[in-house]
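*Asks:* Here it is, the structure, as structure tokens.
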Amino acid sequence: MGASPEVLPLINDYTNIWLLGCFLIVVPMVGNSAIRAAGDTRVPSFIMLSVALVNIILDPIFIFGLFGFPRLELKGAALATIVAYAISFVLAIFFLKYRLNLIDFSCFRRGCVRSWQAICSLAVPVTVTNLIAPLAATLSLWLISDFGTSAVAGYSIAARMETFAMVPILAVASVMGALAGQNYGAGHLDRTNFAIKKGHQFVVIWGLLVATIFWVFRVELIGLFSEEPLVLETASIYLKLVPLGYLFVGLTMITSGALTGVGFPVYGLLLTVSRLIILYCPLALILKNFLDVQGIFLAMLIANIVIGCCALKLIQLSKLQLN
């Protein structure tokens, strides 16, 4: 992705440790989805909150070598993440097995293949959908790396801030599948439509609020992380453009979650492919040549707006006719 020889050792310091424990992430992710589908949204929140709190506590200890621990720097950041996910792994197993009794190995003796087939009919399109986003992010990094390490750092800072700002939208989208699926399966189409409408309303309001905050306070917010001019410039351009499309990303995510929950995961795949592969990637490659790094971020905005509008139209044309 264009990392310089000076940066590669730092990347290896983090990645070589993180890869050893990344399998620990799988059980909490799958388990949290199962717990939400069973109607409990508090336990998954508790599990993920534990990951954040452990990271907050251990990161400075391992990175800077506090309280007698050796100074590990980036290796310490990776180790803190692994420890945090190990704790969430144990918590997820505990709740799945001993609180909700959702783990049952007797299924291997009966109907296992049929269950796998049913799961895969939903999981395969969703898996492909989730793979596309990191591939597009990889392309973004590769394109931005042409403008130097400082530009990559500015993009990374803005993207991290975006991740934080998108948490409420991700939270609503993550439960939309279970909420829509339960009501749709029970024949309560009116409640399904109501949930989708409220989800759409929330992401529009939140998206506008976050975009306003980033637009007005972007310099102050970026300054908390770096004062290097090129870092500030790149992150500032990102926060001027991309947040304008957050509400449209939210509309797409709510729509995809709802349609997946009622048994149409291919629609979510279609939206993601259209947004990131058909629109964003070609636009980014073209606009970069005319507008430099600003062209890459403008491509993100255009793709998000277009597909967000398409998502609204799709939900109206699907079997979930909105009243």
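For what it's worth, this note's numbering labels the leading residue of the sequence shown as 1, then goes sequentially. A virtual CB, placed ideally from N, CA and C, is assigned to each residue, including glycine.
Hey, Ser145 and Gly2: beta-carbon distance below 8 Å or not?
*Replies:* Yes, the pair counts as a contact, with Cβ atoms nearer than the cut-off.
*Asks:* Trp206: buried (16+ other C-beta within 10 angstroms of its C-beta) or exposed?
*Replies:* So Trp206 counts as buried.
*Asks:* Who are the Cβ neighbours of Leu102 in its own chain at under 6 Å, not counting the five residues just before and after it?
*Replies:* For Leu102, where only same-chain residues beyond five positions count, the Cβ hits under 6 Å are Ala34 and Leu96.
*Asks:* Considering Cα atoms alone, identify which of Leu139, Phe290, Thr252 and Gly257 is closest to Gly308.
*Replies:* Per the Cα distances, Thr252.
*Asks:* For Ser236 and Gln182, I'd like the C-alpha separation in whole angstroms.
*Replies:* Roughly 42 Å separates the two Cα atoms.
*Asks:* Per DSSP, what kind of secondary structure is His188 in: helix, strand or coil?
*Replies:* Reduced to three states, the DSSP call for His188 is coil.
*Asks:* Assign Arg99 to one of three DSSP states: helix, strand, or coil.
*Replies:* Reduced to three states, the DSSP call for Arg99 is helix.
*Asks:* How big is the Cα-Cα spacing for Thr255 and Phe67?
*Replies:* Between Thr255 and Phe67, the C-alpha separation is close to 48 Å.
*Asks:* How many whole angstroms separate the CB atoms of Val27 and Ile93, which I take to be in contact at a CB cut-off of 8 Å?
*Replies:* Indeed they touch by this definition, with Cβ atoms about 7 Å apart.
*Asks:* Going straight from the alpha carbon of Asn32 to that of Trp215, what length do you get?
*Replies:* In a straight line, the C-alpha of Asn32 is about 34 Å away from that of Trp215.
*Asks:* Can you tell me whether Cys310 is buried or exposed, with buried defined as 16 or more other CB within 10 angstroms of its CB?
*Replies:* By the neighbour-count rule (16 or more Cβ atoms within 10 Å), Cys310 is buried.
*Asks:* If contact is defined by three or more beta carbon pairs under 8 Å, each pair taking one atom from either stretch, is the stretch 266-285 in contact with the stretch 125-140?
*Replies:* They touch, by the three-pair rule.
*Asks:* Excluding five sequence neighbours on each side, which residues of the same chain lie with their C-beta closer than 7 Å to the C-beta of Val293?
*Replies:* Taken in chain order, the residues that qualify are Ile144, Phe147, Ala151, Thr234 and Ile237.
*Asks:* Grouping DSSP H, G and I as helix and E and B as strand, with all else coil, what is Met166?
*Replies:* It is coil, neither helix nor strand.
*Asks:* Looking only at its chain, what residues have a beta carbon closer than 6 Å to the beta carbon of Ile315, apart from the 5 residues adjacent to it on each side?
*Replies:* Excluding sequence neighbours, Ile315 sits near Thr255.
*Asks:* Could you tell me if Cys281 is buried or exposed, where buried requires 16 or more neighbouring beta carbons within 10 angstroms of its beta carbon?
*Replies:* Classification for Cys281: buried.
*Asks:* Which residue comes first and which comes last in the alpha helix (DSSP H) that contains Gly21?
*Replies:* Run containing Gly21: Leu8 to Gly21, per the alpha helix (DSSP H) assignment.
*Asks:* Would you call Ala123 buried or exposed, if buried means 16 or more other Cβ atoms sit within 10 Å of its Cβ?
*Replies:* Exposed, because fewer than 16 other Cβ atoms sit within 10 Å of the Cβ of Ala123.
*Asks:* From which residue to which residue does the alpha helix (DSSP H) around Glu233 run?
*Replies:* Here the alpha helix (DSSP H) through Glu233 covers Pro229 to Leu241.
*Asks:* Classify Met176 as buried or exposed, calling it buried when 16 or more other Cβ atoms lie within 10 Å of its own Cβ.
*Replies:* Buried is the call here.
*Asks:* Would you tell me roughly how many angstroms separate the C-alpha atoms of Leu241 and Ala211, rounded to the nearest one?
*Replies:* Their Cα atoms are separated by approximately 9 Å.
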